[in-house]
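Protein chains: 2
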Amino acid sequence: MAQKRMGRQTVKLQNPPSVAAGACVVGGKEGEGPLRHWFDYISPDSYFGQKSWEKAESAMLNHCFSLCCDKAKLSPSDIDYLFAGDLLNQCTGSTFAARDLPVPYYGVYGACSTMAECLSLAAMALDGGYGDSACAMTSSHFCSAERQFRLPLEYGGQRPPTSQWTVTGAGAMILTAEGPGPYITHITTGEILDAGVTDANNMGAAMAPAAYKTLKAHFADTGRTPEDYDAIITGDLGYLGHEILTELFQKDGVALGICSTDCGMLIYDRAAQDVHAGGSGCGCSASVLCGHILQRMTRGNWPRVLFAATGALLSPTSLQQGESIPGICHAVVLDLKKE
Amino acid sequence: MAQKRMGRQTVKLQNPPSVAAGACVVGGKEGEGPLRHWFDYISPDSYFGQKSWEKAESAMLNHCFSLCCDKAKLSPSDIDYLFAGDLLNQCTGSTFAARDLPVPYYGVYGACSTMAECLSLAAMALDGGYGDSACAMTSSHFCSAERQFRLPLEYGGQRPPTSQWTVTGAGAMILTAEGPGPYITHITTGEILDAGVTDANNMGAAMAPAAYKTLKAHFADTGRTPEDYDAIITGDLGYLGHEILTELFQKDGVALGICSTDCGMLIYDRAAQDVHAGGSGCGCSASVLCGHILQRMTRGNWPRVLFAATGALLSPTSLQQGESIPGICHAVVLDLKKE
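From first to last, the protein sequence lines stand for chains B and E. Numbering follows my numbering, in which position 280 of the first sequence is assigned residue number 1242; successive positions increment by one, without gaps. Numbering follows my numbering, in which position 106 of the second sequence is assigned residue number 1068; successive positions increment by one, without gaps.
Spelled out as structure tokens, the structure:
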């Protein structure tokens, strides 16, 4: 039996890696939201100085990576691994951002669960003794996502109330094998779950069952309860998905409690910003984690956080072919203490 | 300093995982090629019984995974991790193949380097003590790739001589923490390299510099030379890319030698099958590795193999926006001996 394993889906790290730094870069709309003070850089220009939104996404990621290295006081060539991915076809946001970086690179695809997946793999790489530092990074861009997954922006398509707004944002987190924390202590790896939802404008409903499954496994594997966490933060179920998640646990007699929230609910002002069911996109949970959540932790507000990023594993082609939407959720524990 | 690290890009595994089984499933054209006796299943039907080529790719992967579990004498719920990815937008080949599997899932995107990336991460997960078994799996399908990346098949577009033929095939390899070998002993993680090639019909030229960089790092990090290997197998540079790779090493005074070949050169009969510069696609190196290479190893022909899968990290959108093609290459050592 593998020595770090707790139950079917969870591992407890023996040498928990430390978060050396987090950085987040967002667009103008996110910069007007309630988390505006926690972002490192807000670009009023949706093009980030580039000629296309796809190039903008790479520029945003590149800037985010630089900021994160700066904060961690490491040069790019000090980073042993970069785990990155995004929503663009063939993950070109990340690959073009990293094409000039002297860092061994592992490309990841987990849709909006990408930040938790990258963080899990980066933490395992360090705890396993394969390196001294690793970066987890991801992004999304409203404009590049909208035209790739839905309709040309110029079309001005109507959005149903269940739809979420793709965040323009990137987040990067550098972990080091040694350090003062916060630490990554546990990882719960998700299984893919297809609950049969076919409405691409209701991603929250498609992903909530996967979040429920992973969190339930996490609690069962670790013997912990929701009360053991100062914050349980999914991302990005949005308002509707988070409600479904809460109800699924209620049916088990488990109250997720007031410490449970979702990155898609935190990033925008629901009343003022017209985002319907909340934020979404890889960059949503990544930018909230690397700004708001991390700073709340280091200031002592939330000593122990369960971060559970969710992904909807569809494509426009799979939808057109009548397929339902598989979901996944990976969970990571960030803790000020090693144990 | 991380204890398993050898130089900048390579790690030496302390508890090398063992290959429990490999399985490969291919299409009709591959089944007529010189490696036909090494494949586990050849489907004369390009639809694999499904209604679309995208669904066919998932069906092919699913079948390949089942075959591999059978050969390894493990049930799916015995597998602790599945690392998988493919070329389809949002990697739906793999996610839809895995949506009914009770296996913790990490999605990977490395274009045609995916098999080596999945294998690297699976090996590190076991060596690191996070599980007892892990599967690495990937695929490509000529028809789904052609219409996504190039033109509708019905159009009958002409192919220049430098172009490669996307393999319809899947490969899966299950590793276990303990076992009689072959073992995964070393992993060299690639950095992204963009050599400025803009011709999407010449992927070999775009990827060869990345293969050169990773192999050079591997030899420098380990102190080994090409003579230390019974076979050095890239995938999928094709004929042209392999020639460029050989020349790049020649300029350094290093002869890769007759043991150096490429999965894209092995899978088709160049004279009879009209594939121009050879095979390509994630499924090319995966199906060659899990059939031909693995059986050559276990029969004692090639006791030590350096498997180096290469990927071209472009998308149709990046090409249309005038971008050049970044390449990557990850290398893995398979050895009958632990050391």
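The beta-carbon is built from N, C-alpha and C at its ideal position, and this holds for glycine as well. Note that the structure is predicted; figures quoted are calculated from it, not measured.
- For a Cβ distance threshold of 8 angstroms, residue set Pro-1066 of chain B lies close to Gln-971/E, ordered along the chain.
- Short of 7 angstroms from the beta carbon of Ala-1107/E, and not among the five residues preceding or following it, lie these beta carbons of its own chain, in chain order: Leu-1049, Thr-1128 and Gly-1243.
- The stretch 1192-1211 of chain E and the stretch 1087-1101 of chain E do not touch, with fewer than three beta-carbon pairs separated by less than 8 angstroms.
- According to the DSSP secondary-structure assignment, Ile-1194/B is paired through a beta bridge with Ser-1222/B and Leu-1268/B.
- In the three-state DSSP reduction, Ser-1005/E falls in the strand class (E or B).
- Annotation: Lys-1017/B is outside any beta strand (DSSP E); the continuous alpha helix (DSSP H) that includes it extends over 1015-1034.
- Counting of Cβ neighbours within 10 angstroms places Ile-1229/E among the buried residues, the total reaching 16 or more.
- A contact is defined here as three or more CB-CB pairs under 8 angstroms, and the stretch 971-980 of chain E fails this definition with respect to the stretch 1213-1227 of chain B.
- Secondary structure of Gly-1166/E (DSSP, three-state): helix.
- The alpha-carbon of Gly-1166/E is positioned some 4 angstroms away from that of Leu-1199/E.
- For Ser-1242/E, the three-state secondary structure derived from DSSP is strand.
- In the three-state scheme derived from DSSP, where H, G and I count as helix and E and B as strand, Asp-1161/E is classed as coil.
- About 17 angstroms separates the beta carbons of Cys-1074/B and Cys-1026/B, which is beyond the 8 angstroms limit, so they are not a contact pair.
- Spanning the alpha carbons of Asp-1231/E and Gly-995/E requires a straight line of approximately 6 angstroms.
- Here Phe-1104/B has Thr-1128 and Thr-1130 as same chain residues with Cβ atoms under 6 angstroms from its own Cβ, once five neighbours each way along the sequence are excluded.
- Take Thr-1160/B, set aside five residues on each side of it, and the residues of its chain with a beta-carbon closer than 8 angstroms to its own are Leu-1281, Gly-1284, Glu-1285, Ser-1286 and Ile-1287, in chain order.
- Annotation: Met-1022/E has no Cβ neighbours in chain B at a cutoff of 9 angstroms; minimum Cβ distance is about 16 angstroms.
- Distance between Gly-1119/B and Pro-1144/B, taken at the CA atoms: about 43 angstroms.
- Put simply, the CB of Leu-1268/E is far from chain B, with every gap to its CB atoms at 8 angstroms or more.
- Proximity of Ser-1277/B to chain E, defined by a Cβ-Cβ separation below 8 angstroms, is satisfied.
- Burial check for Tyr-1071/E: the Cβ neighbour count within 10 Å reaches 16 or more, so the residue is buried.
- Assignment of Asp-1183/E by DSSP, reduced to helix, strand and coil, places it in the helix class.
- Within the same chain, no Cβ atom closer than 6 angstroms to the Cβ of Gln-1052/E is found once the five residues on either side in sequence are excluded.
- DSSP places Leu-1044/B within a strand segment (E or B) once states are collapsed to three.
- Here Ala-1132/B is near Ser-1101/B, since their CB atoms are less than 8 angstroms apart.
- Residues of chain E whose Cβ lies closer than 8 angstroms to the Cβ of Asn-1051/B are, in chain order, Asn-1051, Gln-1052, Ser-1277, Pro-1278 and Thr-1279.
- A direct Cα-Cα distance of roughly 8 angstroms separates Asp-1190/E from Arg-1266/E.
- Distance from the CA of Gly-1011/E to the CA of Met-1022/E, rounded to the nearest whole angstrom, comes to 10 angstroms.
- Within 9 angstroms of the CB of Met-1086/B, the CB atoms of chain E belong to Leu-1083, Met-1086, Ala-1087, Gly-1090 and Tyr-1092, in sequence order along the chain.
- Its chain contains Val-1070, Gly-1072 and His-1292 as the residues whose beta carbon lies nearer than 6 angstroms to that of Glu-1079/E, once the 5 sequence neighbours on both sides are disregarded; these appear in chain order.
- Taking the Cα positions, Thr-1150/E is about 8 angstroms away from Ala-1179/E.
- Within a 10 Å sphere around the beta-carbon of Tyr-1043/B sit 16 or more other beta-carbons, which makes this residue buried.
- Around Glu-1079/E, the beta-carbon contacts reaching into chain B at under 8 angstroms are Tyr-1068 and Gly-1069.
- At a cut-off of 8 angstroms, the C-beta of Ser-1014/B has a neighbouring C-beta in chain E.
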